[in-house]
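The next block holds one structure in the form of structure tokens; read it before the comments.
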Amino acid sequence: MKTTEKTGTVYLVGAGPGDPELITVKGVIRLNTCDTVVYDSLSSDRLLELAPRAEKIYVGKRAGRHSMKQEEINELLVELGCAGKTVVRLKGGDPFVFGRGGEEVQALQEAGIPYEVIPGVTSAVAVPASAGIPVTHRAVSRSFHVMTGHTLSDDGTLPPDFPEFARLSGTLVFLMGLGNLHPIVSGLLKAGKSKDTPAAVIENGTLPQERSVKGTLGTIEELAEREGIGTPAIIVVGDTAALDMRATMKQPLAGVSVCVTGTSGFTKKLLASLHGLGADGECVCRLGVKSYLDSEAMKEAYGKLKEYSWLVFTSANAVRLFFEGLEKYGLDCRSLGNVKIAAVGKGTARELRQYGFLTDYVPERYQVEDLAAGLEHMVKPGEKLLIPRSFGGSRILNETLDRAGILYDDVVLYDVEGQWREKERLEERLRASQYLTFASGSGVEAFFDGLTESERLAMEQIRVVCIGDVTARALEARGRKADVIAETFSIPGMTAAILKDTSGRECGQIISFPAKGKINEETEGKEDGNDS
Ligand code: SAH
17 MKTTEKTGTV YLVGAGPGDP ELITVKGVIR LNTCDTVVYD SLSSDRLLEL
67 APRAEKIYVG KRAGRHSMKQ EEINELLVEL GCAGKTVVRL KGGDPFVFGR
117 GGEEVQALQE AGIPYEVIPG VTSAVAVPAS AGIPVTHRAV SRSFHVMTGH
167 TLSDDGTLPP DFPEFARLSG TLVFLMGLGN LHPIVSGLLK AGKSKDTPAA
217 VIENGTLPQE RSVKGTLGTI EELAEREGIG TPAIIVVGDT AALDMRATMK
267 QPLAGVSVCV TGTSGFTKKL LASLHGLGAD GECVCRLGVK SYLDSEAMKE
317 AYGKLKEYSW LVFTSANAVR LFFEGLEKYG LDCRSLGNVK IAAVGKGTAR
367 ELRQYGFLTD YVPERYQVED LAAGLEHMVK PGEKLLIPRS FGGSRILNET
417 LDRAGILYDD VVLYDVEGQW REKERLEERL RASQYLTFAS GSGVEAFFDG
467 LTESERLAME QIRVVCIGDV TARALEARGR KADVIAETFS IPGMTAAILK
517 DTSGRECGQI ISFPAKGKIN EETEGKEDGN DS
């Protein structure tokens, strides 16, 4: 293939053995800045999220989908390079360890496309380590040897050099060997290894789903069969396989899988908080905000801002959009000179602070009921309120204000829409997870609106976590009771509720990751209630 003047660069990046945090810093930087990511099934979704603006091209095998041949992948990389793209070719483990990375490099060399190989933590070392097996250990094993267990010779027997490999005294590591466990074990015994030689098989190493069996060459086949060990798996044979150096510190949410719903900002922060405690989690339904700033009602409200004595915000989203509208309609903060401001909770108040405004009232509990009750006492006769909020906001606010004879304009500023993320995998994910989280009534609506009957059935075992009572009520209206309700209406509150539910114990302070950046207790969903 001919190259053009504007040639891109292809980075072959080792993604590490499974746990997304085991990628290199250099790999993360390349992901952050690339135009395209070419990835396969060993890559975690969390790594793809590190390339938010990049086009993502899947080239691996997944049930029911055509997978690309290696030659097609090589061609694709060359084409993208020729088109001037900065490409990350994400490869499980290390690109050069049975990853066919060498073939991709040769194709790029032939086409004259600039490239760089960024090594990764190979599963050959990291997966045994995760199961507590060091590949070398003083006085036990002075070498380790990595072999593919996949390539049998044409007649279905082991490769001709297998007996020499089998006679090595160091640790033997087989990748892609689970399907050939029997010929591998019998080949090793035939080559003279004792049936008492320690052996282990580790599935999904370094991931929350990691499982392993440990025994000897005499027992390992039966153990793997009995436990139903599946792929991807690594076989380790040698004296170090009898050692157990597994981490003594287990993360408190290790092994817990959570399906998260909510706005992009909220789900990212909640997932970061859950991942930081060792949970496995993914966003299944994302809420997007649709602005009503152009509506007649909003235009009118901005036109008569001076008539209002109070501005009432029930979500951080409403604050953001309201100030966007101020600019849009040629106004500035002076038009809010005499207005008092109420916010449903700390997150909303913090958002207001970003625009230079303090709040005159925030209820003790971040609930719309409490906000309504507080306003009832604070608003003076003749004062009028502007409540720019989401479509379908809680009626409790209106009912309380009506009862108290308070004047107000309740204007729709935005609505939220649900977007599924890989809907075809939803059912499988719901079945495999222990928790499903909702952070707003609108999140509940969007989720249930798009649910099929079999997906609904897949939810039976899952425990549903709500950020607060209003969300829980919205859930109940859809025929499902909340199993867990957060005590404080915040990301740390939700994390603590899951932690308490899994362990039955109270936790201290939850630190959310990343530590930097603000956390909105009120998520940006349809809000109101205690949410958003
Ligand atoms: N380049 C990769 C290996 C690719 S070959 C690396 O350096 O790790 C794919 C094989 O790697 C799988 O068949 C399996 O044997 C092994 N493997 C990769 N990730 C694994 C994991 N998390 N747990 C167990 N085995 C894994």
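Position one of the sequence shown corresponds to residue 17 (the numbering used here), numbered consecutively onward.
The beta-carbon is built from N, C-alpha and C at its ideal position, and this holds for glycine as well.
The structure presented is a predicted model; accordingly, all values stated were derived computationally and were not measured.
What's the C-alpha gap between residue i and residue j?
i, j, result
"K284", "L205", "50 Å"
"G434", "T25", "36 Å"
"A99", "D51", "11 Å"
"P36", "D61", "8 Å"
"T40", "S59", "14 Å"
"Y74", "D56", "6 Å"
"L188", "F178", "11 Å"
"F407", "R242", "55 Å"
"G346", "F329", "21 Å"
"T23", "I129", "7 Å"
"G361", "Y382", "5 Å"
"L194", "K42", "32 Å"
"L368", "F339", "9 Å"
"I478", "L452", "7 Å"
"G76", "R69", "21 Å"
"Y131", "Y27", "6 Å"
"Q225", "T232", "23 Å"
"G32", "L38", "5 Å"
"A142", "D110", "11 Å"
Which residues share a DSSP beta bridge with residue i?
i, result
"E132", "Y27"
"P214", "T232"
"P404", "V427"
"C98", "Note: C98 sits in no beta bridge, so no partner."
"E71", "T52"
"C301", "T277 and W436"
"F329", "A359"
"K306", "D431"
"K107", "G30"
"L191", "T164 and I250"
"I501", "C482"
"T453", "V276 and V481"
Should residue i be listed as close to the ligand SAH, given that the test is whether its C-beta is under 7 Å from any heavy atom?
i, result
"P248", "yes"
"L58", "yes"
"L191", "yes"
"F114", "yes"
"N220", "yes"
"D61", "no"
"S157", "no"
"G76", "no"
"L223", "yes"
"G484", "no"
"V143", "yes"
"D425", "no"
"E230", "The residue you asked about is not Glu; residue 230 is Lys in the sequence shown. Because no heavy atom of the ligand SAH lies under 7 Å away, the Cβ of K230 does not count as near it: no."
"D296", "no"
"G109", "yes"
"G271", "no"
"G195", "no"
"P179", "no"
"P135", "no"
"P33", "yes"
Would residue i and residue j qualify as a contact pair, given that the criterion is a beta-carbon distance under 8 Å?
i, j, result
"V305", "S410", "no"
"L401", "L423", "yes"
"L191", "T152", "no"
"N220", "G34", "yes"
"A140", "S228", "no"
"I483", "A455", "yes"
"G30", "P135", "yes"
"T364", "V335", "yes"
"K230", "A216", "yes"
"A295", "L269", "yes"
"G234", "K209", "no"
"Q86", "R116", "yes"
Within 7 Å: the Cβ of residue i and any heavy atom of the ligand FMN?
i, result
"T138", "Only the ligand SAH can be found as ligands here, which leaves the ligand FMN out of the picture."
Is residue i close to chain C? Criterion is C-beta to C-beta, closer than 8 Å.
i, result
"E71", "The structure shown has no chain C; it contains just one protein chain."
Counting pairs of beta carbons, one from the segment 470 to 483 and one from the segment 395 to 403, are three or more of them closer than 8 Å? Taking 8 Å as the limit for Cβ pairs, the verdict is that the segment 395 to 403 does not touch the segment 470 to 483.
Tell me, please, whether the segment 59 to 73 touches the segment 115 to 122 by the rule of three or more beta-carbon pairs shorter than 8 Å. Cβ pair count under 8 Å is below three, so no.
Do the segment 287 to 306 and the segment 257 to 274 meet, that is, are 3 or more Cβ pairs less than 8 Å apart? The segment 287 to 306, when compared against the segment 257 to 274, does touch it at the 8 Å Cβ threshold.
Does the structure place the segment 310 to 327 close enough to the segment 338 to 356 that three or more beta carbon pairs sit under 8 Å? Short answer: they touch.
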